[in-house]
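Numbering (the numbering used here), first residue to last: 527 to 636.
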Amino acid sequence: MRQKRWTRFANVDSLDEYYRLLARGKRPLAETICLTPRDEMFECVMLGLRLVRGMERTKFSSRFGLDVAEAYPLAMEKLRKRGWVNETEDAISLNRIGLDLQNEALGFFM
527 MRQKRWTRFA NVDSLDEYYR LLARGKRPLA ETICLTPRDE MFECVMLGLR LVRGMERTKF
587 SSRFGLDVAE AYPLAMEKLR KRGWVNETED AISLNRIGLD LQNEALGFFM
C-alpha cells in the first residue's frame, strides 16, 4: 500500500496577517503543494545526502519500490565518475569532496 503523500506548506509573508490568522484559529498558510512521487524521491535524496552518514538504501527502496541508483542512474554515474560518492550495500553518502560540493552534486538529481 502506498504511503501518504508528502505535502509542502508555505506561510503567509506578512507577520501581521500571520498573527491575525492564528488569533482566529486558522493556519497561516499561503500555499499548499502536494508533491508528486518524483518530487518525493528528490526530497529523500536531497535530505539524505546532506547527512554525513548519507541515506539508507532500504528506506528509499521500501518507499519507492526501487533503489536510488535505479531511480537516478545518470546522477549516480556522474557522482561515481567525479569520485564524490561512497556506496555500500546499505547506504549512499557523499564523501568529503562531495559534501564540499553538495549543491552541485544534488543538482545532478534534478
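Note that the Cβ used here is the ideal one computed from N, Cα and C, for glycine as well.
Note that the stretch 537-556 does not touch the stretch 576-594; fewer than 3 beta-carbon pairs, one per stretch, sit closer than 8 Å. Straight through space, the alpha carbons of R531 and A617 are spaced by roughly 24 Å. Here T533 is bridged, per DSSP, to C560. Excluding residues up to 5 positions away in sequence, A536, N537, V538, D539 lie with their Cβ nearer than 8 Å to the Cβ of A556 in the same chain. Shown here, M636 sits in coil according to DSSP, grouped into three states, outside any helix or strand.
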